[in-house]
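As structure tokens, the structure follows; a few thoughts come after it.
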Amino acid sequence: MSGGGPSGRRNPLGYDRPHPSRQEARGSVLISFRRAVLAGACMAVCAAWAVEPPGGADAPLAIAMSHALLVRAAVSTAPRAATQATSTASTTSTSTSVASAPLSLAPASLLGQSVPANPFLAGTTLSLSEAYGLALQNDPTIRSVRHATDVRRERVPQARAQLLPNISASLSRYRNDLESTSPSIGGRTTSRLLYNSSANSITVRQPIYRPFQRADLRQARAEVRDAEALLQVEEQSLAVRTTQAYLEGLAAADRLTLVRARLRAYGIYLDAARRRFEGGAGTRTDVDEAQARIDLALAQELEAQQLVELTRRQLEAITGMPVASVVRIDASTLALRLPEPAELDAWLDRTEASSPELRALKARLDAAVQGVEKAKAGFRPTLDLVAQWSVSSSENVTQINSRYDQKLIGLQLNVPLFTGGYVSSQVRQATAEQVRASDLLESARRELRVRAHKEYRGVSEGIARARALEQAVRSASVLVDSARRSFEGGVRTLGDILGAEEQLAAAQRELDEARYLYLLSHVRLRALAGQADRAAMNQFNGWFGR
């Protein structure tokens with residue numbers, strides 16, 4: 017055998033470096049155990065305080081925690097190696113037993129403490145329907161849109177009031193100082209008189225023909241329909257935003273779980289590679305490759321932790337509550353089926369008929385049409401019915417101490433004659449706005465059909481993709497098992513096992529993403545048709561475990 021051993025013989029890869037002595041090995045084990053104790057203490061403190069392990073600036077401490085995982089993996093395999101060492105006397109037999117030791121991906125424990133599977137911090141565990149319910153109550157965007165809708169609803173009573181009777185009263189009291197000069201035989205005579213005067217009136221005006229105000233009322237109603245449709249658009253958008261934030265949190269948690277699982281597996285592989293190398297059955301390349309994958313996985317773990325924190329903050333911003341965790345998808349209850357109805361044309365017709373976006377744009381077009389009528393009303397006369405009752409006392413300086421009681425009723429007609437081109441300009445402006453609203457409606461209708469087609473394909477193709485990836489995960493699992501058995505038989509290398517593990521992790525990650533995209537496409541498709549309501553969210557919530 018040409019592989020290097022404890023005697024320092026040259027191995028097949030050309031390494032002349034001798035193997036570590038037993039004293040050096042014992043020293044490295046002591047250092048590793050010291051790191052494990054420190055990391056375990058830190059993890060215990062973090063668990064007691066309900067905080068995440070340090071990262072970022074405290075990356076060395078996070079690395080120490082990761083070393084604890086590796087040491088734990090080594091400790092878990094030490095009794096088996098010791099048993100094999102006592103049952104054989106020669107180095108060759110020991111190396112053979114190490115090489116044939118099975119490599120397990122079972123979740124390891126950290127110094128007796130199980131690694132928490134859920135990466136979210138202290139708060140509330142939310143299901144999808146609960147998150148949507150909280151978002152409807154606490155999301156500032158939807159709340160502001162509700163208030164904006166309330167503001168625009170007041171346009172109708174304001175416009176209607178311009179067509180209802182207008183009753184006004186006027187009361188006045190005056191103290192008069194009257195000085196009069198009149199000619200006389202002897203010249204001019206000046207007199208001064210102090211007296212009180214009063215004038216009271218009540219007027220009732222009922223518009224009979226007001227084309228501007230009637231068009232304004234119709235326009236106000238169209239604007240309210242626009243506001244209510246926009247509110248429904250925002251509610252549908254909130255369902256999509258909540259679902260997307262929820263699924264992004266799940267995807268980030270899945271990524272962190274996969275990275276930590278790879279770290280545990282790489283730790284086991286690194287320990288096995290070192291023992292094989294020390295026993296003369298392995299190569300330095302296997303050790304270096306396992307260590308390189310661990311170093312890369314550590315960096316990926318820090319990135320995954322940051323992504324988990326970011327997605328948690330995003331969900332908290334929508335729900336307005338601290339989130340500890342979210343309920344995961346239950347693959348056994350996930351219904352991979354086409355939406356009802358199952359035909360694409362039926363969904364295109366449904367979205368065009370019931371889309372709140374199109375309803376909002378249709379209402380804007382109606383408002384623009386009434387804007388043209390309002391502008392044209394500037395050419396037309398107005399007619400009002402007027403009734404008045406007035407009582408005055410000493411109001412006329414020529415008849416002081418006189419009292420008048422007057423009642424009148426009649427019609428008042430106002431006819432515009434010339435406005436300098438102002439009304440004509442308003443008509444042109446309103447007509448252009450109407451054409452613009454019509455073009456926006458047609459553009460939105462075409463775009464909506466494209467979006468509905470895209471989301472429908474996202475659902476239908478998501479089903480095929482998820483099923484294909486389920487088979488890919490099963491095949492990758494078989495590949496991992498085959499690579500391990502081949503490695504035990506000396507046919508495969510440790511790099512082949514690591515590559516198979518990477519392939520399995522990638523397939524699992526893509527499967528999770530495909531399921532999330534399938535669910536998100538479902539919600540988006542319903543939102544386009546205005547059907548992403550509480551009932552739909554409760555239906556989707558049944559696809560999650562508890």
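Count along the sequence shown from 1, then add 16; that gives the number in the numbering used here. Glycine residues also receive a C-beta, built at the ideal position from the N, C-alpha and C atoms. Please read these numbers as outputs of a predicted model, since none were measured by experiment.
Specify the secondary structure class of Ser48 as computed by DSSP and reduced to three states.
Because Ser48 sits at a pLDDT of 43, beneath the cut-off of 50, its placement in the model cannot be relied upon, and the point is left open.
With a threshold of 16 other CB atoms inside 10 Å of the CB of Val539, please say whether the residue is buried or exposed.
buried
C-beta contact flag for Val413 and Asn216 at 7 Å
no
Three-state class that DSSP yields for Asn557 in the structure shown:
helix
Specify the secondary structure class of Gly437 as computed by DSSP and reduced to three states.
coil
Which residues in the same chain as Arg168 place their Cβ atom closer than 7 Å to its Cβ, once the five residues preceding and following it in sequence are excluded?
Glu239, Val240 and Ala243
C-alpha distance - Leu263 paired with Thr335, whole-angstrom precision
14 Å
Coarse secondary structure for Ser418, derived from DSSP in three states
coil
Between the C-alpha atoms of Leu142 and Glu359, what's the straight-line distance to the nearest angstrom?
34 Å
Alpha carbon to alpha carbon, how far is Thr435 from Ala164?
36 Å
Per DSSP, Gln428 is paired with what?
Asp400
Sheet register partners of Tyr225 (DSSP bridge):
Leu399
Hey, Ala393 and Ala175: beta-carbon distance below 7 Å or not?
It is not a contact, given that the beta carbons lie outside the stated cut-off.
Relative to the alpha-carbon of Val431, which residue among Val275, Thr398, Val507 and Ser459 has its alpha-carbon at the smallest distance?
Thr398
With DSSP as the reference, identify every bridge partner of Arg4, one or two as the case may be.
Residue 4 is absent from the model: the chain starts at 17 and stops at 562.
Candidates Leu527, Arg234, Glu411 and Leu274, of which the one nearest Leu318 by Cα:
Leu274
6 Å Cβ shell around Arg481 - same chain, five flanking residues per side excluded:
Ala530
Leaving out five residues before and five after Asp512 in sequence, what residues of the same chain have Cβ atoms less than 8 Å from its Cβ?
Ala499, Ser502 and Phe503
DSSP state of Glu411, grouped into three classes?
coil
Between which residues of its own chain and Leu266 is the CB-CB distance below 8 Å, once the five residues before and five after are set aside?
Correct list, in chain order: Val342, Arg344, Ile345, Asp528 and Tyr532.
Under the three-state reduction of DSSP, which class applies to Ala358: helix, strand or coil?
coil
Which class does Leu142 belong to by DSSP, given the choice of helix, strand or coil?
strand
Specify, as a first and last residue, the run of the alpha helix (DSSP H) that Ser348 falls within.
No alpha helix (DSSP H) holds Ser348; DSSP gives it neither H nor E.
CB-CB under 6 Å to Ala236, same chain, minus the five flanking residues each way: which ones, in chain order?
Arg171, Val172 and Ala175
Does the distance from the C-beta atom of Gly387 to that of Ala448 stay below 7 Å?
No, these two residues do not count as a Cβ contact at 7 Å.
For Trp569, which residues does DSSP report across the bridge?
Since the first residue of the chain shown is 17 and the last is 562, residue 569 is not available in this structure.
Ends of the alpha helix (DSSP H) at Val167?
Pro156 to Arg169
May I have the straight-line CA-CA distance separating Thr104 from Ala297, to the nearest angstrom?
Its pLDDT being 35, under 50, Thr104 is placed unreliably in this model, and the coordinates cannot settle the point.
Thinking Gln428 and Val402 are a contact (beta carbons under 8 Å), I'd like their distance in whole angstroms, please.
5 Å
Mind checking Thr102: buried by the 16 CB within 10 Å criterion, or exposed?
Below a pLDDT of 50, predicted positions are generally treated as unreliable, and Thr102, at 35, falls in that range; no measurement from the model is reported.
In terms of residue numbering, what span does the alpha helix (DSSP H) encompassing Leu326 cover?
Arg300 to Thr335
Segments assigned alpha helix (DSSP H), at least 4 residues, entirely inside the segment 501-549:
510-544
Mind checking Ala89: buried by the 16 CB within 10 Å criterion, or exposed?
Any reading at Ala89 must be qualified, since the residue scores a pLDDT of 39, below 50, and its modelled position is unreliable; the value itself is stated next. Result: buried.
Where do the N-terminal and C-terminal ends of the alpha helix (DSSP H) with Pro181 fall, by residue?
Per DSSP, Pro181 belongs to no alpha helix (DSSP H) and is neither H nor E.
For Gly283, which of helix, strand or coil comes out of DSSP?
Note: Gly283 maps to helix in three-state DSSP.
Taking Cβ positions, are Leu254 and Asp382 nearer each other than 7 Å?
No; because the gap between Cβ atoms is not below 7 Å, this pair is not in contact.
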